[in-house]
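Colleague:
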Amino acid sequence: MTANTTNGGADGLGLGKDLTGLQQLTCEQIEGILDTAEPFKEISERRIKKVPVLRGKTIVNLFLEPSTRTRISFEFAEKRLSADTVNIASSGSSVEKGESLVDTARNLEAMRIDMVVIRHGSSGAAQFLADRIPSNVINAGDGQHEHPTQALLDLLTIRDRLGSIAGRRVCIVGDVRHSRVARSDIWGLMRCGAEVAVCGPKTLIPMGIEELGVTVLSRVEEAIEWAEVLYVLRLQLERMDAGFVPSLREYNRFFGVSRERLERAPGDIVVLHPGPMNRGVEIDSDVADGPWSLILPQVTNGVAVRMAVLYLLAGGSPERAESAKEARE
Amino acid sequence: MSRPVLITGGRLLDPSQELDGPGALLIRNGRIEACGRDIVGPDDAEVVDVDGLVVAPGFIDVHVHFREPGDEHKETIGSGARSAAAGGFTTVWTMPNTDPPIDDPAAVGFVRGAGERAGGARVYPVGAASRGLEGEKMTEVGELVAAGAVAVSDDGNPIWNAGLLRRLLEYTQTFDIPVLQHAEDTGLSCGGVMNEGKVATALGLRGAPNAAESCMVARDCYIAELTGGHLHVCHVSTREAVEQVRRAKECGAHVTAEVTPHHLALTEDAVHGYRTEAKMNPPLRTEEDRQSLLDALVDGTIDVIATDHAPHHYEEKEREFDDAPFGVVGLETALGVAMLELVESGRLSLGGVVDRLSCAPARIMGLDVGTLRPGARGDIVVFDPAERWTVDASTFMSGSRNTPFVGKELVGRVRATWVAGERRYELPREASPFREGAPPYVGQGSV
Amino acid sequence: MPVASEAEVLLDEEQTDATLKDLARQLLEREPDPAELLLVGIRRRGVELAERLATEVEAQGGVAIPTGSLDITLYRDDFGQIGPKPVIGSTELPVEITGLHVVIVDDVLHTGRTTRAALNELSDFGRPRKIELCTLVDRGGRELPIQPDYLGCRFEVAPGEEIAVSVPSIDGELSVRRVPVERKK
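Residue numbers (the working numbering), protein chains in the order written: chain A, 7 to 335; chain B, 22 to 468; chain C, 717 to 901.
1) Would you check if there are 3 or more beta carbon pairs closer than 8 Å linking the stretch 143-152 of chain B to the stretch 105-125 of chain B?
2) Going by DSSP, what residues sit across from C:Glu-812 in a beta bridge?
3) Would DSSP call B:Pro-121 helix, strand or coil?
4) In chain order, what residues of the same chain lie with their CB nearer than 7 Å to the CB of A:Glu-328, ignoring the 5 residues before and after it?
5) Leaving out five residues on either side along the sequence, give the residues of the same chain with a beta carbon under 7 Å from the beta carbon of B:Asp-64.
6) Where are the alpha helix (DSSP H) runs, 4 residues long or more, that stay fully inside the stretch 238-307 of chain B, in chain order?
7) Using the Cα positions of C:Gln-731 and C:Asp-738, report the straight-line distance between them to the nearest angstrom.
8) Report the rounded CA-to-CA distance for C:Thr-827 versus C:Gly-857, giving the unit in angstroms.
9) Grouping DSSP H, G and I as helix and E and B as strand, with all else coil, what is B:Tyr-462?
10) Against chain A, which members of the stretch 332-364 of chain B pass a CB distance test of less than 7 Å?
11) By Cβ distance below 7 Å, which residues in the same chain neighbour B:Glu-298 in space, the five residues on each side in sequence not counted?
12) Ordered along the chain, which non-local residues of its own chain (more than five positions away) have a Cβ less than 8 Å from that of B:Arg-187?
13) Output, in chain order, the set of chain B residues within a Cβ distance shorter than 7 Å of A:Phe-134.
14) I need the DSSP call for B:Arg-103, collapsed to helix, strand or coil.
15) For B:Ala-55, report the span of its beta strand (DSSP E) as first-last.
16) Residues of chain B with a CB under 7 Å from the CB of A:Pro-212: which are they?
17) So C:Pro-875 is in the beta strand (DSSP E); what residue range does that whole segment cover?
18) Roughly how many angstroms separate the alpha carbons of B:Val-200 and A:Arg-75, rounded to a whole number?
19) Would you mind giving the Cβ-Cβ distance between B:Leu-33 and B:Val-403, rounded to the nearest angstrom? I have them listed as a contact below 8 Å.
20) Taking any Cβ of chain A, which residues in the stretch 803-826 of chain C have a Cβ under 7 Å from it, in chain order?
21) Enumerate in chain order the residues of its own chain whose CB-to-CB distance from B:Glu-430 is below 6 Å, with the five nearest sequence positions on each side excluded.
22) If I measure Cβ to Cβ from B:Ala-232 and keep anything under 6 Å in the same chain, skipping five residues before and after, which residues do I get?
23) Considering only residues of the same chain and omitting the five flanking positions on each side of A:Asn-258, which have a CB-CB separation below 7 Å?
24) Using the DSSP secondary-structure output, state which residues sit across from C:Ile-820 in a beta bridge.
25) Looking at C-beta atoms only, is the number of pairs between the stretch 112-125 of chain B and the stretch 145-160 of chain B that lie closer than 8 Å three or more?
26) Classify A:Lys-5 as buried or exposed, calling it buried when 16 or more other Cβ atoms lie within 10 Å of its own Cβ.
27) Using 8 Å as the Cβ pair cut-off and three pairs as the minimum, do the stretch 67-84 of chain A and the stretch 173-192 of chain A touch?
28) Where are the beta strand (DSSP E) runs, 3 residues long or more, that stay fully inside the stretch 71-146 of chain A, in chain order?
29) Taking C-beta pairs closer than 9 Å, name the residues in chain A that C:Asp-854 reaches, listed in chain order.
30) Please identify the residue among A:Asp-191, A:Ile-49 and A:Ser-264 whose C-alpha is closest to the C-alpha of A:Glu-84.
31) Check whether chain F comes within 9 Å of A:Arg-189, counting only Cβ atoms and requiring the distance to be less than that.
32) Nearest chain A C-beta to B:Pro-261 closer than 9 Å, yes or no?
33) Is it the case that the Cβ atoms of A:Glu-231 and A:Ala-271 are separated by a distance below 9 Å?
34) Assign A:Gln-35 to buried or exposed, taking buried as 16 or more other Cβ atoms, counted over all protein chains shown, within 10 Å of its Cβ.
35) What does A:Gly-321 reach in chain C if we use C-beta pairs closer than 9 Å?
36) Take the Cβ of B:Asp-320 as the centre, count every other Cβ of all protein chains shown within 10 Å, and call the residue buried at 16 or more, exposed below.
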């Protein structure tokens, strides 16, 4: 079984078996997923929020790192497509008893599942799983590597509001070093032709990021002056203990996105945040709840984008289904 | 004593005496008795015609990890010693970071004894520099040496306490042994699992910067200069560390250095796809660093090739990158990788590679091997410098298979290895590796 | 555009238009209160046919009736065989369908599976008083017990042939042709 075959495939976009990241996708594939997401938005507005397309498919949500938002969003998406779902969390499962990821995966396979949505604390875990099981694997966040469905919903939200992604100036503000969301957004935005910058204290900007094609801005005021879209990352509180920033108060003073700062923006600017927010740290409530904010549309789009990804990957190609069956035997 | 051995028909290659030409070699009573043209063996000698293959002094690896005691499922001293012989190595120095560590004379004696019984390369233990490898209290260095230790090191961990390193570099002078230092500032490497930079950033893996190594090497070199002790810098991986070693040597400090075959051959790009076979410490660096290491090995700034052979079980590597252990096996691919990167590229002669693998380690560590001079130990490697072969880890003699070179075509293959005049390895072939009509090989088994 | 020599024109623009007028007449005959009618076209070509029918109903009966569209992609029963298609059309129903007389409009009735999917999808939106089926062409070959309530015309189709309905918004003309399967637009 090969992951991510890049041509052909019955989904028409050539996504292959898995979605482990946006780095390996083309602009056409990303825009194709967003186009597919459009009709799925409407399903969530129906009285009966359910279509039968994934009836009989079994999906395992393997969340080996705590998550509420992403897991719920995936679960809604799966249920609205009529799939059967099982949630596995690390606590209380065999994983906690020391079972390796590869054994967990093989045991799931033995129960004849169709897809795995995996959240894991280690970078590369989704690819690791994808390379070892014939089921579709969707990365719901692996370590500090990628979180592709988050970036797709971000792109959809930007496209909805600004009409296009190409040529837009997007600045990601905050803890880029530890952020898988930042990485996926950087790849997705660049593939779709946006200009991307990152901004934060140098302790939170990873080495070599310029070589990926992004600009590094050192002050949030510069970011606000330059950007049409400000993507504010969550500052995890443990970063302070690890010495990356001296205090949350100081972080807010120098890098927090506040009403005062946004009001000095030279043009229109919108603010996105992947959630959950630390109000008063990286983002002030005035901004989160204000006219700049696209934070709730992001959440709504999350379900549609995940429905689209599940739909596109679940079909697979008949040949692949056959070879997967052989791999099981 | 075993029968005398007369190796004929070979190309004798011994940079220690600038020898490169056809000739024969007679080994008797475990030592080289004669070396050159027109040598006639005694009537009872076993005659081996090697048909034009290279006959060179056996290779010496001053940096291997055999996991006994503690992790025998990865490697035992026996499997390690046989893996070494299969790679053409006749002497290996084993690092003390076993479980328990080799930090007392009894443990040193255990490793030596197991090594003698192994029937492979000679196994010499490196003793721990600090008790329990904890970096605080010096071990009984003299007792360790008396029991058979050839050096001290805390490898796996750096000797982070500069004061302790100073005392070690002073104290070891009495016993004339080097201190082998794993140079890493753990505050800078900070849990890094690969090289810090573009690839780590894209993969979302924690990176260790070059400075984590070079800062420590700089500090260590100044301490070596201060004390006059012999500092051996393990597995140099960065261009900045090369500069520090070069500077220290120019200043007359007793500093030597090693580089691994994998750092000569690979860069951080090998980690793409989260390949745990490319996870080791120090990590694979950039192409610029790699080129600098090749240059330094050629110009002598880096003295020797050492494998840092670090076996790990399949299951331990078959997991998430963050959780997989550091290290790769290297003994059985060392010659092929070195020849590919150094001889094929025209950077170094075949003799130069033999020097870095054999003569130079003997020279810097003061060993009576690494030469074909009469009187030296009868430790010989015979290899085919032209054979191209593809790495198949399933054929390894090592207990582990964790190599980044699976499927890679290498140049230069070991055909047979003698230790003290006893054949300890012979490349399995359908047909004999040697010319038909040669006297049949009389098996020796293990001693 | 089918090549003339390979495509047999069954109904030209005038004949197709006349057939639609006849369907509109049938609709008005059977539904005494056109205000309760909702014409729902199945994507893609059923949508324009539904709009044309609505125009005809208004012309003949003097009552404007609403039209909607259904994309049945997510209700197909062959997802496992054909896999996903990347662009799904939208389903747009302009009014609450509960209590209405809904007429599903499609271009060609073949196996009946599309109609089955449309019925399932409609039932997720509400409970119409009555659902009927109106098709321009019936080509036979049913695999489900589904028959049209309003039918334009019936054509026999040999193996290897298909019926292709063209509508101006998609194809640039209004016609019904018989085409080889490979050349179907």
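Glycine included, C-beta positions come from ideal geometry on N, C-alpha and C.
Just so you know, these numbers come straight off a predicted model, no measurement behind them.
Modeller: Quick answer:
1) yes
2) Beta-bridge pairing links C:Glu-812 to no other residue.
3) coil
4) Residue confidence for A:Glu-328 is low, a pLDDT of 40 falling below 50, so the modelled location carries little weight; the figure read from the coordinates is stated next. For A:Glu-328, where only same-chain residues beyond five positions count, there are no Cβ hits under 7 Å.
5) none
6) 260-271 and 282-286
7) 10 Å
8) 6 Å
9) Below a pLDDT of 50, predicted positions are generally treated as unreliable, and B:Tyr-462, at 40, falls in that range; the measurement from the model is reported next regardless. DSSP places B:Tyr-462 in coil when its eight states are reduced to three.
10) Glu-339, Arg-340, Glu-341, Phe-342, Asp-343 and Asp-344
11) Lys-338, Val-349, Asn-423, Thr-424 and Pro-425
12) Ile-244, Leu-247 and Thr-248
13) Tyr-295 and Glu-341
14) helix
15) 52-57
16) Thr-222
17) Taken as a continuous stretch (DSSP letters only), C:Pro-875 belongs to no beta strand (DSSP E), as it is neither H nor E.
18) 54 Å
19) Contact flag wrong, Cβ pair sits at about 11 Å.
20) Val-803, Ile-804, Gly-805, Ser-806 and Thr-807
21) Arg-409 and Thr-411
22) Leu-209
23) Gly-286 and Val-287
24) C:Val-756 and C:Leu-849
25) yes
26) A question about residue 5 of chain A goes unanswered here, because the residues of chain A that appear run from 7 up to 335.
27) no
28) 90-95 and 121-126
29) Neighbours of C:Asp-854 on chain A: none; closest Cβ ~26 Å, over 9 Å.
30) A:Ile-49
31) Absent from the structure: chain F. Protein chains present are A, B and C.
32) According to the sequence as given, residue 261 of chain B is Glu; it is not Pro. B:Glu-261 does not count as touching chain A.
33) yes
34) buried
35) Phe-795, Gly-796, Ile-798, Gly-799, Pro-800 and Lys-801
36) exposed
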